[in-house]
Amino acid sequence: MAEFMSRLNMFKFGWQALKFSSTAQIRRYSNPSQCSHSSFGLLFDIDGVLVRGRTPIPAAKQCFRNLVDGNGKYKVPVVFVTNAGNSMRQTKAEQLSHLLEVEVSPDQVVLSHSPLRVFSQFHKMCVLVSGQGPVVEVAQNLGFQNVVTIDMLREAYPLLDMVDHNRRPKDVVPPSKDLQPIEALILFGEPIRWETNLQLIVDVLLTNGKPGNPVTSLHYPHIPVLACNMDLLWMAEAKSARFGHGMFLLCLESIYKKITGYDLQYDALIGKPSVVTYNYAELLIRQQAEKLGWTEPVQRLYAIGDNPMADIYGANLYNRYLQSVHHARTRVHAQGGSASHVAGDFHYETVDDAKNSGKVMVGGSYEHRLPESCSSILVCTGVYNREQQELAPEQTVTEQHIFHGHRDFRFDPTLTQPSFVVQDVLEAVGLVFQQEGSSLE
């Protein structure tokens, strides 16, 4: 763990718009003989790929039986990358171990909030956290030392939450309690009572972190906001997709804009499709490869998901990032420089406008060798369904590309196009091994 955290400490924060062709094609490995053995890793989404709610997708168990040997050891590095954020990594690993009937360690799990571990400049601030589940424990585990929950805020200021008449103070109104001013907002995931969270979060934004005070003037820019999980929709047991945290963020942005006339600004947007999340997952893939005894770097990643706007967009964006890093390295080497120079010149493209971006991005050390590519594989067992997604011939291109991504991410239809489309995760893994010229036997 110490070695892993030392690598995380090598991360740099920064923003710079990346100028790279939006028509760049995803590299495909159609000739297995050209691919070296054991040089790839797998990134799995969870909801809609491996499970629907608490029910495993039938193909998932067989898939993972194929991925481990007789001793339960994985044949290739495997990391689970999910936008879920209402639990601890240990809890999610235990759930996956039970559902898939293979051992999954916490070091193989990336939750939407996992990269917040390296956002150390916020760790000593008094932060208001929104979400559900063990949010205080999650925040403290990530390094945040001074945590306030929505319920704590509601209790301190009992006159703020007034939508539900049954929750209003009865008879004598208890006095307000003075809390330390809120210095930043951490939005982990969709809360239980949206009206309460929306009201109190907006109160905090409008009062510069002091919701007990009246709104006398607009404080803009407002206090920092870090949001995890931008999924507009996600797939559970129901036959149609359910609202995700991206829908909550859309509501919050709309309310803030309507009241103030200004856009809500994010200091970080993490979770898929952010490059920061894939860079974090790549670190875990490298760690898993070392545990397997691999001495050569992982050359190719395959990301398997069910959501074109989260899984496919994110994998393709990361692939574009990797290609740009390699182009930059080639240029630097040609000029007689070293790979370390690349880190100072290059960051990520994740959003349309730098001043409206999720500005805090994570960049890794360039002394190690990054993968050559990240291919995206879309399965049809979750948000995306082949039959439901068939479009009528008379539909226009605009109608065919309804943008479900976050406001701060550019609508680039090419990034939603997968490298491959398969029926389920079992077929996806079989395809990967076929592409790599490796055997699952």
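Take 78 as the starting number for the sequence shown in the numbering used here and just add one per residue.
Ideal placement from N, C-alpha and C gives every residue a C-beta, glycine not left out.
Bear in mind the structure is a predicted one, so any value in this text is a computation, not a measurement.
Neighbourhood of residue 488 by C-beta, 6 Å cutoff - its chain only, sequence neighbours within 5 removed:
480
Tell whether a beta-carbon distance below 8 Å holds between residue 199 and residue 303.
yes
Let me know the secondary structure DSSP gives residue 135 once reduced to three states.
helix
Can you tell me whether residue 303 is helix, strand or coil according to DSSP?
strand
C-beta atoms of residue 366 and residue 380 nearer than 8 Å
no
Which parts of the region 180 to 226 are runs of the alpha helix (DSSP H), unbroken and 4 residues or longer, counting only runs that do not cross its ends?
212 to 219
For a minimum of 3 consecutive residues, which ranges assigned as the beta strand (DSSP E) are wholly contained in the region 486 to 513?
497 to 499
Is residue 228 helix, strand or coil by DSSP?
helix
For residue 169, does the count of other Cβ atoms within 10 angstroms reach 16, so buried, or fall short, so exposed?
buried
Which residue comes first and which comes last in the beta strand (DSSP E) that contains residue 454?
450 to 456
Using 7 Å as the cut-off, classify the Cβ of residue 316 as near or not near the heavy atoms of the ligand GDP, replying yes or no.
Of ligands this structure carries none, so the ligand GDP is not represented either.
Residue range of the beta strand (DSSP E) that includes residue 263:
261 to 264
Residue nearest to residue 300 in terms of C-alpha spacing, selected from 275, 329, 258 and 326:
258
Can you have a look at residue 290 and say buried or exposed, based on whether 16 or more other CB atoms are within 10 angstroms of its CB?
exposed
In whole angstroms, give me the CA-to-CA distance for residue 294 and residue 405.
46 Å
On the CB-based measure, 16 or more other CB atoms within 10 Å of its CB, does residue 231 come out buried or exposed?
buried
What's the call for residue 493, buried or exposed, on a 16-neighbour Cβ count within 10 Å?
buried
Is the number of C-beta pairs between the region 146 to 160 and the region 180 to 194 that are closer than 8 Å three or more?
yes
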